[in-house]
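Report on the structure given below.
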């Protein structure tokens, strides 16, 4: 497998994994006690990090693919 494909797939897999852990963790924190209030900065990082990793993986794949043509 080409190096740019490995890097892109790693970033996308990591982003999807973080997103799944975030959804599971927030569902567990909510529980029966109601909503849990997290700091705005932490919440922003939890929301943005997975999407940024997925977008970065897609961008690396596209740029690597274009350079190989």
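Residue numbers (this note's numbering): 1403 to 1471. Backbone N, C-alpha and C define an ideal beta-carbon position, used for all residues, glycine too. Bear in mind the structure is a predicted one, so any value in this text is a computation, not a measurement.
Drop a sphere of 10 angstroms on the beta-carbon of residue i, count the other beta-carbons inside from all chains shown, and report buried for 16 or more, exposed for fewer.
i	result
residue 1462	buried
residue 1413	buried
So residue i and residue j are in contact, right, with Cβ under 8 Å, and what is the actual spacing, rounded?
i	j	result
residue 1466	residue 1411	Their Cβ separation, rounded to whole angstroms, is 11 Å, which puts residue 1466 and residue 1411 out of contact at 8 Å.
How big is the Cα-Cα spacing for residue i and residue j?
i	j	result
residue 1448	residue 1409	22 Å
residue 1403	residue 1439	44 Å
**Item:** Sufficient close CB pairs (3 or more, under 8 Å) joining the stretch 1445-1458 to the stretch 1405-1423
**Value:** yes
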